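Novice:
In our numbering, the protein residues as written are 19 to 346.
1. Only counting the same chain, and skipping five residues up and downstream in sequence, which positions put a Cβ closer than 6 Å to that of residue 247?
2. Just checking my contact of residue 50 with residue 56 at CB under 8 Å: how many whole Å lie between their CB atoms?
3. Express the C-alpha separation of residue 144 and residue 54 in angstroms, rounding to a whole number.
4. Among residues of its own chain, excluding the 5 on either side of residue 223, which ones have a beta-carbon nearer than 7 Å to its beta-carbon?
5. Could you tell me the boundaries of the alpha helix (DSSP H) in which residue 239 lies?
6. Kindly list the residues whose CB is nearer than 6 Å to the CB of residue 333, restricted to its own chain and excluding five residues on each side of it in sequence; keep chain order.
7. Using only alpha-carbon positions, find the residue among 91, 174, 104 that is nearest to residue 262.
8. Mind checking which residues open and close the alpha helix (DSSP H) that includes residue 302?
9. Need the endpoints of the beta strand (DSSP E) that residue 278 sits in, please.
10. Would you tell me roughly how many angstroms separate the C-alpha atoms of residue 133 and residue 162, rounded to the nearest one?
11. Hey, is the segment 317-328 in contact with the segment 264-273, meaning 3+ C-beta pairs nearer than 8 Å?
12. Taking just the CA atoms, how far does residue 98 sit from residue 29?
13. Counting only beta-carbon atoms, is residue 282 nearer than 8 Å to chain C?
14. Mark residue 267 as exposed unless 16 or more other C-beta atoms lie within 10 angstroms of its C-beta, in which case mark it buried.
15. Using C-beta distances below 6 Å, list every residue in its chain close to residue 34, excluding the 5 sequence neighbours before and after it, in chain order.
16. Assign residue 213 to one of two classes, buried (16 or more other C-beta atoms within 10 Å of its C-beta) or exposed (fewer than that).
17. According to DSSP, is residue 342 helix, strand or coil?
18. Rounded to whole angstroms, what's the CA-CA distance from residue 335 to residue 300? Just pull it up for me.
19. Tell me which same chain residues have a C-beta within less than 6 Å of the C-beta of residue 82, skipping the five on either side of it?
20. Provide the residue span of the alpha helix (DSSP H) that contains residue 253, from first to last.
21. Taking C-alpha atoms, which residue in 130, 107, 44 lies nearest to residue 92?
22. Pull up the distance between the alpha-carbon of residue 352 and that of residue 259, whole angstroms please.
23. Quick one, which of 66, 221, 41 has its alpha-carbon nearest residue 85's?
24. Tell me whether residue 32 sits in a helix, a strand or coil according to DSSP, three-state version.
25. For the 8 Å Cβ check, are there 3 or more pairs between the segment 114-123 and the segment 139-155?
26. Does DSSP classify residue 46 as helix, strand or coil?
27. I'd like to know if the segment 305-314 and the segment 279-287 are in contact, where contact means that at least 3 CB-CB pairs between them fall below 8 Å.
28. Helix, strand or coil: how does DSSP classify residue 286 here?
29. Taking the beta strand (DSSP E) that residue 12 belongs to, which residues open and close that run?
30. So, is residue 20 buried or exposed, given that buried needs 16 or more other C-beta atoms within 10 angstroms?
31. How far does the alpha helix (DSSP H) with residue 269 in it reach, from first residue to last?
32. Based on DSSP bridge pairs, tell me the residues matched to residue 142.
Encoded structure:
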C-alpha cells in the first residue's frame, strides 16, 4: 500500500509540462549492487545518444530530474537512478555510506555505459557528493568514462555545522533581545527521524520558505514536496544520519574533467559558501569551467529550469565536442 502511494506521488501531473513524467521512450535496467541492493535505473532517449548521467539528492528519486529528461531525451541518452534507500531502491546489506554511494554509481555506470564511452555526470546535492566520492574511489572508471561534470547545490562535507536550514541552528536567533543558538546535533536528530512527511499548505509554505525560495511557483513547490514525500522514511533517515557528519576533504580535486558548479544564492540547506569552496577546489586543479550563482534555493534545476538546462546544454556540448541547440 505504501509503495503504491509513493509511486503515485512520483507520477503526479502538473500544469507546468516540464515537471511531468517523461514522454520519451524509456527502459528499466536491472542493477543489483554487490551487497544486494536492487537499484531502480531508468534510461530515456535514443540508444545511440551521448549519455548524460543524473544523480539525485537526499530525500528525492530519479523523477526529480523530469525537467532535464524532458528537455534532453530527444537528443541524449538520459541515465538516472534511485540512490540507495530512496525511491524504489533498497538499502542493501551494508547500508548507506559515502563510499557506498560512490560504489553504487560505479555499478550503475558499468550496467549502462559501453566500454570506454564518454559520459556527462550531473549531481545535485547528495548526488554531487556521490559524484565526488566516485571520482576519488574509481579512478580507472573515471578515466574511461568521465567527459565532464556539473555539481549543483552541493558540498564536500560538514553539513551539520554549515547548514542554515532551520532558524537557530548555526545561525543564531534573537528572541526578546537574547541571542539563541541551538545544537547542530539536535538538528541532525530531528531530520534523522524516520517519519513520513505530510502534505498540506503549511508544509508547502515550509518547503518554499526554507528549502526553495520565494521565486518558486506553486507547481514547483508541489513537485518538490511530492518527490520528497515519496521517499521511504527509513531510507531517508538512515542516509541523513550518515550525511550529517561526513567530510570528503579534497575529493573534488579528483574531478579532473571540465566541471561546472551551480549554486543558489538563497540555498539554506547547503548554502552558497559550500559551493564556493567546491569551485575554489576545482579551480586549484584547473577543472573549473564555470561557477554560476542562480536566484534560487536548494532546487536550482527546478526553480530555474531554463537557465539550468542552458548550462547543461553548454556543458554537454563541451564534454562531447558536438553542436547542440537543446536548452529546454
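Note that the Cβ used here is the ideal one computed from N, Cα and C, for glycine as well. Predicted model, so just to flag it, every value in this text is computed and none were measured.
Specialist: On the basis of the data shown:
1. By 1-based counting over the chain shown, the position of residue 247 is 229. Around residue 247: 27, 215.
2. Translated into positions along the chain shown, residue 50 becomes position 32. Translated into positions along the chain shown, residue 56 becomes position 38. Confirmed, about 5 Å.
3. In the chain shown, counting from the first residue as 1, residue 54 sits at position 36. In the chain shown, counting from the first residue as 1, residue 144 sits at position 126. Computed Cα separation, rounded: 21 Å.
4. Translated into the one-based positions of the chain shown, residue 223 becomes position 205. Cβ within range, chain order: n/a, list empty.
5. On the chain shown, position 221 is the one that residue 239 refers to. From DSSP, the alpha helix (DSSP H) with residue 239 extends over 236-247.
6. By one-based count along the chain shown, residue 333 stands at place 315. Excluding sequence neighbours, residue 333 sits near 166, 168, 278.
7. In the chain shown, the residue the question calls residue 262 occupies position 244. If we check each option's Cα against that of residue 262, 174 comes out closest.
8. Start at 1 with the first residue of the chain shown, and residue 302 comes out as number 284. Its alpha helix (DSSP H) spans residues 290-302.
9. Locating residue 278 in the chain shown gives position 260, where the first residue counts as 1. Here the beta strand (DSSP E) through residue 278 covers 277-282.
10. For the purposes of this step, residue 133 is taken as the residue at position 115 of the chain shown. For the purposes of this step, residue 162 is taken as the residue at position 144 of the chain shown. Those two C-alpha atoms are separated by around 8 Å.
11. no
12. As a working mapping, residue 29 is identified with position 11 in the chain shown. As a working mapping, residue 98 is identified with position 80 in the chain shown. In a straight line, the C-alpha of residue 29 is about 15 Å away from that of residue 98.
13. Absent from the structure: chain C. Only one protein chain is present.
14. In the chain shown, residue 267 corresponds to position 249, counting from 1. Classification for residue 267: exposed.
15. Locating residue 34 in the chain shown gives position 16, where the first residue counts as 1. Only 237 meet the Cβ criterion.
16. Translated into the one-based positions of the chain shown, residue 213 becomes position 195. Residue 213 should be labelled exposed.
17. Stepping through the chain shown from its first residue, residue 342 is reached at position 324. Its pLDDT being 46, under 50, residue 342 is placed unreliably in this model, and the coordinates cannot settle the point.
18. What you label residue 335 is simply residue 317 of the chain shown in a count that begins at 1. What you label residue 300 is simply residue 282 of the chain shown in a count that begins at 1. Answer to the nearest angstrom: the Cα atoms are 20 Å apart.
19. Taking the first residue of the chain shown as 1, we reach residue 82 at position 64. 74, 245, listed in sequence order.
20. As a working note, residue 253 is residue 235 in the chain shown. Residue 253 -> alpha helix (DSSP H) spans 251-262.
21. Looking up residue 92 in the chain shown gives position 74. When only C-alpha atoms are compared, the closest one is 44.
22. Only positions 19 to 346 of the chain appear in the structure, and residue 352 is not among them; the question remains open.
23. For the purposes of this step, residue 85 is identified with residue 67 of the chain shown, where counting begins at 1. Closest option to residue 85, Cα to Cα, is 41.
24. Taking the first residue of the chain shown as position 1, residue 32 is located at position 14. In the structure shown, residue 32 sits in coil (DSSP, three-state: anything other than H, G, I, E or B).
25. yes
26. Counting from one through the chain shown, the residue named residue 46 turns up at place 28. Correct three-state label for residue 46: strand.
27. yes
28. Indexing the chain shown from 1 puts residue 286 at position 268. Note: residue 286 maps to coil in three-state DSSP.
29. This structure cannot settle anything about residue 12, because the visible part of the chain is limited to 19 through 346.
30. Within the chain shown, numbered from 1, the residue matching residue 20 stands at position 2. Looking at its Cβ environment, which holds fewer than 16 other Cβ atoms inside 10 Å, residue 20 is exposed.
31. Mapped onto the chain shown, residue 269 falls at position 251. No alpha helix (DSSP H) contains residue 269, which DSSP labels as neither H nor E.
32. The residue you call residue 142 lines up with position 124 of the chain shown. Answer is 170.
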